[in-house]
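Visitor:
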Amino acid sequence: MGSTTGDTGTRTAVTVIGLGEMGTALAGAFVEAGHPTTVWNRSREKAAPLVEKGARPAADVREAVAAGPLVVVSVKGNHTAREVLGAAGDALAGRSVVNLTDGTSAEARETAAWVRERGAGYLHGQIMTIAPAVGSPDAVVFYGGDEAVYDRHREELRLVGGRGSRIADDAGLPTLYGMAVHGTMWGVLNGFLHAAALLTDAGVDVTRFLEQAGPSVSAVTSILPSIADEVDRGAYALEFGALQHHLPSVEDLVRESRDRGIDASFPGYTLDLVARAVADGHADDSYSRLVEHFRGR
Ligand SMILES: NC(=O)c1ccc[n+]([C@@H]2O[C@H](COP(=O)([O-])OP(=O)(O)OC[C@H]3O[C@@H](n4cnc5c(N)ncnc54)[C@H](OP(=O)(O)O)[C@@H]3O)[C@@H](O)[C@H]2O)c1
Numbered sequence: 001m002g003s004t005t006g007d008t009g010t011r012t013a014v015t016v017i018g019l020g021e022m023g024t025a026l027a028g029a030f031v032e033a034g035h036p037t038t039v040w041n042r043s044r045e046k047a048a049p050l051v052e053k054g055a056r057p058a059a060d061v062r063e064a065v066a067a068g069p070l071v072v073v074s075v076k077g078n079h080t081a082r083e084v085l086g087a088a089g090d091a092l093a094g095r096s097v098v099n100l101t102d103g104t105s106a107e108a109r110e111t112a113a114w115v116r117e118r119g120a121g122y123l124h125g126q127i128m129t130i131a132p133a134v135g136s137p138d139a140v141v142f143y144g145g146d147e148a149v150y151d152r153h154r155e156e157l158r159l160v161g162g163r164g165s166r167i168a169d170d171a172g173l174p175t176l177y178g179m180a181v182h183g184t185m186w187g188v189l190n191g192f193l194h195a196a197a198l199l200t201d202a203g204v205d206v207t208r209f210l211e212q213a214g215p216s217v218s219a220v221t222s223i224l225p226s227i228a229d230e231v232d233r234g235a236y237a238l239e240f241g242a243l244q245h246h247l248p249s250v251e252d253l254v255r256e257s258r259d260r261g262i263d264a265s266f267p268g269y270t271l272d273l274v275a276r277a278v279a280d281g282h283a284d285d286s287y288s289r290l291v292e293h294f295r296g297r
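The numbering of the sequence shown is the UniProt record's numbering, which starts it at 1 and goes up by one.
#1: Identify which residue in Arg233, Tyr236 and Leu189 has its Cα closest to the Cα of valine 217.
#2: Cβ of methionine 179 within 8 Å of any heavy atom in ligand 1?
#3: Measure the C-alpha to C-alpha separation of leucine 290 and alanine 93 and round it to an integer number of angstroms.
#4: By alpha-carbon positions, which one of Asp263, Arg62, Asp272 and Thr24 ends up nearest to alanine 131?
#5: For the beta strand (DSSP E) containing asparagine 99, list its first residue and its last residue.
#6: Across the segment 28-35 and the segment 73-83, are there enough close Cβ pairs to call them in contact, namely three or more that are closer than 8 Å?
#7: Under 6 Å Cβ to Cβ from serine 105, same chain only, skipping five residues before and after it: list those, please.
#8: Which of the three DSSP states, helix, strand or coil, is assigned to aspartate 170?
#9: Along the chain, where does the beta strand (DSSP E) that runs through histidine 124 open and close?
#10: Check whether the Cβ atoms of phenylalanine 142 and serine 165 lie closer than 9 Å to each other.
#11: Would the beta-carbon of leucine 176 be found less than 8 Å away from any heavy atom of ligand 1?
#12: Can you determine whether any heavy atom of ligand 1 sits closer than 8 Å to the C-beta of leucine 210, and answer yes or no?
#13: Compare the C-alpha of histidine 194 against each of Glu107, Gly54, Ala264 and Val16 and name the closest.
#14: Using only CA atoms, which one of Glu52, Gly121, Leu273 and Thr129 lies nearest to aspartate 151?
#15: Identify every run of the alpha helix (DSSP H) within the segment 3-56, keeping only runs that are complete inside it and at least 4 residues long; order them along the chain.
#16: For leucine 243, count the other beta carbons within 10 Å of its own beta carbon; 16 or more makes it buried, fewer makes it exposed. Which is it?
#17: Does the beta-carbon of proline 267 have 16 or more other beta-carbons within 10 angstroms, so that it is buried, or is it exposed?
#18: Mind checking whether the beta-carbon of arginine 42 lies closer than 8 Å to any heavy atom of ligand 1?
#19: Go ahead and pull the three-state DSSP assignment for leucine 176.
#20: Which two residues bound the contiguous alpha helix (DSSP H) that contains leucine 243?
#21: Taking 8 Å as the cut-off, does the CB of lysine 76 come closer than this to any heavy atom belonging to ligand 1?
#22: Based on Cα-Cα distance, which residue from Gly162, Gly203, Ala55 and Glu117 lies nearest to threonine 129?
#23: Sort Glu63, Pro69, Tyr287 and Ala58 by Cα distance to alanine 235 and report the nearest one.
#24: Could you check where the alpha helix (DSSP H) with tyrosine 150 kicks off and where it finishes?
#25: Does DSSP put leucine 70 in a helix, a strand or coil?
#26: Check each candidate in Val115, Glu107 and His35 and name the one with the smallest Cα separation from arginine 158.
#27: If you compare alpha carbons, which of Ile127, Leu210, Val204 and Met22 is closest to valine 181?
#28: In whole angstroms, what is the alpha-carbon distance linking threonine 5 and arginine 11?
#29: Thinking C-beta only, is isoleucine 262 closer than 9 Å to aspartate 201?
#30: Only counting runs of 4 or more residues, tell me where the alpha helix (DSSP H) segments fall wholly within the segment 176-239, in order along the chain.
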């Protein structure tokens with residue numbers, strides 16, 4: 001069984017392995033779009049709501065993988081993904097595996113090699129949204145791996161996220177993209193929540209602050225392209241706004257935090273980085289210079 005024909009045309013048969021929060025959303029999107037959808041989950045009862053909507057439960061992984069050309073995997077950890085797919089045996093050969101399981105880039109590459117050794121095509125996907133947004137036209141998914149798999153299954157992949165794109169042959173790069181976005185997000189969120197603690201300590205509603213200072217806060221992300229350019233070129237010289245001018249501002253932030261009894265460790269970490277770079281002779285360089293600290297140089 002590879003596809004079915006109905007009044008909406010030919011639909012590729014899809015298998016979804018793993019019916020957690022994300023796998024259930026993925027399988028639901030395929031069923032809703034009219035794809036013959038076979039599902040398998042370790043805890044079988046989780047398949048019931050999908051079966052009610054028209055999905056077919058497989059008795060085991062081998063049967064699930066044998067059901068169609070496209071096998072979508074969404075479980076906890078790439079070790080688990082390999083362990084589960086291993087139960088398919090030689091049924092894996094000739095399939096296209098789209099693994100949407102998070103992990104490190106090395107783990108994604110290991111899984112890619114493992115799947116290819118068994119004669120299947122491989123694409124790794126990093127979903128950049130929560131389960132309820134699966135299938136939305138704005139949902140971003142980064143893919144890395146076989147171009148042929150991506151091209152063959154564009155239509156099905158659009159059902160995962162409308163803004164999916166293949167960024168590399170390298171199956172490890174999507175997870176790195178995801179971490180880069182999340183790492184940036186956590187840095188911004190920690191800075192903002194520290195600021196929120198300062199503001200609320202002074203009796204200021206954070207909402208009111210954003211109404212008045214929103215453009216200044218938004219300007220932070222608008223400088224990222226110039227930071228990226230400096231990092232790519234390794235060129236940190238700057239006429240204005242160099243590290244020596246950051247230093248007193250960060251010192252003020254740390255002193256204000258301590259005066260108010262607010263945890264100063266987050267700005268304190270920034271102060272340590274800036275002060276060390278200035279002491280090391282980089283006072284006239286831009287903030288981008290600190291990438292060398294993170295590189296361990
Ligand atoms: N949820 C999100 O919003 C979201 C967003 C982006 C990416 N992701 C990624 O999507 C993947 C799945 O996440 P989730 O949120 O769906 O997780 P979840 O709700 O915790 O479900 C985990 C899934 O993994 C299966 N599993 C765990 N250990 C297993 C094992 N040893 N053998 C077989 N199956 C096993 C579970 O099966 P059982 O049901 O039998 O326990 C379940 O199907 C993860 O890599 C996650 O990081 C999730």
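Where is the CB? At the ideal position from N, CA and C, for every residue including glycine.
Guide: Result, derived from the coordinates:
#1: The sequence position of residue 217 within the sequence shown is 217, counting from 1. Closest by alpha carbon: Leu189.
#2: On the sequence shown, position 179 is the one that residue 179 refers to. It does not: the Cβ of methionine 179 is nowhere closer than 8 Å to a heavy atom of ligand 1.
#3: Numbered from 1 along the sequence shown, position 290 holds the residue referred to as residue 290. Numbered from 1 along the sequence shown, position 93 holds the residue referred to as residue 93. Going by the C-alpha atoms only, they are around 47 Å apart.
#4: Here residue 131 refers to the residue found at position 131 of the sequence shown. Closest by alpha carbon: Thr24.
#5: Taking the first residue of the sequence shown as 1, we reach residue 99 at position 99. Per DSSP, asparagine 99 belongs to the beta strand (DSSP E) from 96-99.
#6: Taking a cut-off of 8 Å on C-beta distances, the segment 28-35 does not touch the segment 73-83, as fewer than three cross pairs fall below it.
#7: Counting from one through the sequence shown, the residue named residue 105 turns up at place 105. Taken in chain order, the residues that qualify are Gly172, Thr175 and Leu176.
#8: For the purposes of this step, residue 170 is taken as residue 170 along the sequence shown, with counting starting at 1. Coil.
#9: To locate residue 124, count along the sequence shown from 1; it is residue 124. Run containing histidine 124: 121-127, per the beta strand (DSSP E) assignment.
#10: The residue given as residue 142 occupies position 142 in the sequence shown. The residue given as residue 165 occupies position 165 in the sequence shown. Yes, Cβ-Cβ distance for phenylalanine 142 and serine 165 is below 9 Å.
#11: Walking along the sequence shown from the start, residue 176 turns up at place 176. Outside the cutoff, so no.
#12: Start at 1 with the first residue of the sequence shown, and residue 210 comes out as number 210. Outside the cutoff, so no.
#13: Within the sequence shown, the letter at position 194 stands for residue 194. Residue Ala264 is the option with its Cα nearest to histidine 194.
#14: Within the sequence shown, the letter at position 151 stands for residue 151. Here the closest residue by C-alpha is Gly121.
#15: Runs found: 21-32 and 48-53.
#16: Mapped onto the sequence shown, residue 243 falls at position 243. Under this definition leucine 243 is a buried residue.
#17: Taking the first residue of the sequence shown as 1, we reach residue 267 at position 267. Its Cβ being crowded by 16 or more others within 10 Å, proline 267 is buried.
#18: Position 42 of the sequence shown, counting from 1, holds the residue named residue 42. Judged by the Cβ position, arginine 42 qualifies as a neighbour of ligand 1 at the 8 Å threshold, a heavy atom of the ligand being closer than this.
#19: As a working note, residue 176 is residue 176 in the sequence shown. When DSSP states are grouped into helix, strand and coil, leucine 176 belongs to the helix group.
#20: Numbered from its first residue, the sequence shown carries residue 243 at position 243. Unbroken alpha helix (DSSP H) run through leucine 243: 243-259.
#21: Within the sequence shown, numbered from 1, the residue matching residue 76 stands at position 76. Yes - ligand 1 has a heavy atom lying nearer than 8 Å to the Cβ of lysine 76.
#22: For the purposes of this step, residue 129 is taken as the residue at position 129 of the sequence shown. Here the closest residue by C-alpha is Gly162.
#23: Numbered from 1 along the sequence shown, position 235 holds the residue referred to as residue 235. Comparing Cα positions, the closest option is Tyr287.
#24: What you label residue 150 is simply residue 150 of the sequence shown in a count that begins at 1. First-last of the alpha helix (DSSP H) with tyrosine 150: 147-152.
#25: Residue numbering aside, residue 70 sits at position 70 when the sequence shown is read from its first letter. Of the three classes helix, strand and coil, the one that applies to leucine 70 here is strand, per DSSP.
#26: For the purposes of this step, residue 158 is identified with residue 158 of the sequence shown, where counting begins at 1. When each option's Cα is compared against that of arginine 158, the closest is His35.
#27: Here residue 181 refers to the residue found at position 181 of the sequence shown. If we check each option's Cα against that of valine 181, Ile127 comes out closest.
#28: One-based indexing of the sequence shown puts residue 5 at position 5. One-based indexing of the sequence shown puts residue 11 at position 11. The pLDDT assigned to threonine 5 is 39, lower than 50, so where the model puts this residue is not dependable; a value taken from the coordinates is nonetheless given after this. Those two C-alpha atoms are separated by around 6 Å.
#29: Taking the sequence shown and counting its residues from 1, the one referred to as residue 201 is at position 201. Taking the sequence shown and counting its residues from 1, the one referred to as residue 262 is at position 262. Cβ distance < 9 Å, so aspartate 201 and isoleucine 262 count as in contact.
#30: 206-222 and 224-233
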